[in-house]
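A quick write-up on the structure given underneath.
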Amino acid sequence: MNEAQARREMVKYSEQMHQFGWVANHDGNLSVRLSENIEPTDCRILCTPTAWSKGDVKVDDLLIVDHLGAKKSGPHKPFSEINLHLAVYRLRSDVKAVVHAHCPYATAYGSAQKSIPHPFLPEAVVSIGAHIPMVSLSMPGQAALDALSAVIRKTDVAVVSGNGVWAWGPDLNTAYLRLELVEHIAKIAWMAESLGGVKKLGDKEIESLMQKRVQAKLNAPEEDGVVKKATVENPIIESVIAQLKQTFPHHSVEQIQELAKASLKQKK
Ligand SMILES: [Zn+2]
Numbered sequence: 517m518n519e520a521q522a523r524r525e526m527v528k529y530s531e532q533m534h535q536f537g538w539v540a541n542h543d544g545n546l547s548v549r550l551s552e553n554i555e556p557t558d559c560r561i562l563c564t565p566t567a568w569s570k571g572d573v574k575v576d577d578l579l580i581v582d583h584l585g586a587k588k589s590g591p592h593k594p595f596s597e598i599n600l601h602l603a604v605y606r607l608r609s610d611v612k613a614v615v616h617a618h619c620p621y622a623t624a625y626g627s628a629q630k631s632i633p634h635p636f637l638p639e640a641v642v643s644i645g646a647h648i649p650m651v652s653l654s655m656p657g658q659a660a661l662d663a664l665s666a667v668i669r670k671t672d673v674a675v676v677s678g679n680g681v682w683a684w685g686p687d688l689n690t691a692y693l694r695l696e697l698v699e700h701i702a703k704i705a706w707m708a709e710s711l712g713g714v715k716k717l718g719d720k721e722i723e724s725l726m727q728k729r730v731q732a733k734l735n736a737p738e739e740d741g742v743v744k745k746a747t748v749e750n751p752i753i754e755s756v757i758a759q760l761k762q763t764f765p766h767h768s769v770e771q772i773q774e775l776a777k778a779s780l781k782q783k784k
């Protein structure tokens, strides 16, 4: 995607977030990595300006920052949470866009320090995985950076207590849709509370949905519940997992993973 397209998309999703009531005042921020990598020499990251309503952002208000979040061009200042976006780009070379908003339902769960009841919608497991990590409340700066960094390679969505939803992906559209899905799940779970709460999927259902997720190459690099697919590079792991699956056909993905780890440790 070229810069002009990225600017148009960023304005579109900023306006959408505002329309849906996911951002108030100056809440929320979006970024897109325009450069191939985030090396000091050529890093270019397009982002929304600080202290600006997402409902008022225009293509010329957007700015470009470098690998440290310092402004390279644009009329306004970058937002302070750019360090969290940069952490995602640093830890995930596959990610090209990061979005953040205070979507009310998901943010309510996060602020109450309660995990969103998930998974109960099968399709959502394929789209965002079987876990929506809840990052504990941390003050802006290094503490927030450390807290979010711990989950970046395990997921593409996270609810940060007291700071809304974060999502990332290979492009802005995907990152935005992931954020949208987290809010949708939180809203349904919230509504189901008055009916006795959602009924979560069972281990076997989750396992088969996770297989579909892996097949579609949608999983994060170190996502929980993902048994590494058999590859030519790791024939030992492949054979151990295959054996364990045969011996324990009713074990969950997590249980097989634990057994495989233990068995590989013994073999060393
Ligand atoms: Zn926020």
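The working numbering applies: residue 517 is where the sequence shown begins, and numbers increase by one.
Beta carbons: idealized from backbone N, C-alpha and C, even for Gly.
Coarse secondary structure for residue i, derived from DSSP in three states
i: Arg549; result: strand
i: Pro656; result: coil
i: Met650; result: strand
i: Pro638; result: helix
i: Pro556; result: coil
i: Ala674; result: strand
i: Pro594; result: strand
i: Asp576; result: helix
i: Glu749; result: Bear in mind that a pLDDT of 46 at Glu749, under 50, signals an unreliable position, so the number given afterwards is only what the model happens to contain. Correct three-state label for Glu749: coil.
i: Val756; result: helix
i: Thr763; result: helix
i: Asp719; result: helix
i: Trp538; result: coil
i: Asp662; result: helix
i: Gly626; result: helix
i: Arg694; result: helix
i: Val730; result: helix
i: Ala567; result: coil
Residues that residue i bridges to, as DSSP identifies them
i: Val581; result: Ile561, Lys587
i: Gly685; result: Ala613
i: Pro737; result: None, per the DSSP bridge assignment.
Residue j beta carbon less than 8 Å from that of residue i
i: Leu546; j: Ser530; result: yes
i: Ile722; j: Pro635; result: yes
i: Leu578; j: Met655; result: no
i: Arg676; j: Trp684; result: It is worth fixing the name first, because residue 676 is Val in this sequence and not Arg. No. Outside cutoff.
i: Ile598; j: Gly590; result: no
i: Ala660; j: Ser652; result: no
i: Val667; j: Pro686; result: no
i: Tyr621; j: Lys703; result: yes
i: Val642; j: Leu734; result: yes
i: Ile644; j: Ala705; result: no
i: Ile753; j: Ala736; result: no
i: Leu742; j: Val756; result: According to the sequence provided, residue 742 is Val. The question's Leu does not apply to it. No, Cβ-Cβ distance for Val742 and Val756 is not below 8 Å.
i: Leu562; j: Val548; result: yes
i: Lys593; j: Thr564; result: no
i: Leu602; j: Ile554; result: yes
i: Asp719; j: Ser768; result: yes
i: His618; j: Val714; result: no
Residue i burial status per 10 Å Cβ neighbour count (16 or more: buried)
i: Thr763; result: exposed
i: Gly544; result: buried
i: Met533; result: buried
i: Leu584; result: exposed
i: Pro765; result: exposed
i: Val575; result: exposed
i: Phe595; result: buried
i: Gly680; result: buried
i: Glu709; result: exposed
i: Leu711; result: exposed
i: Glu699; result: buried
i: Pro707; result: Residue identity differs from the one stated: residue 707 is Met in this sequence, not Pro. Exposed, because fewer than 16 other Cβ atoms sit within 10 Å of the Cβ of Met707.
Spell out a yes or no on whether the region 602-616 and the region 667-675 are touching, meaning 3 or more CB-CB pairs, one atom from each, closer than 8 Å.
-> Three or more Cβ pairs closer than 8 Å define a contact, and the region 602-616 meets that threshold against the region 667-675.
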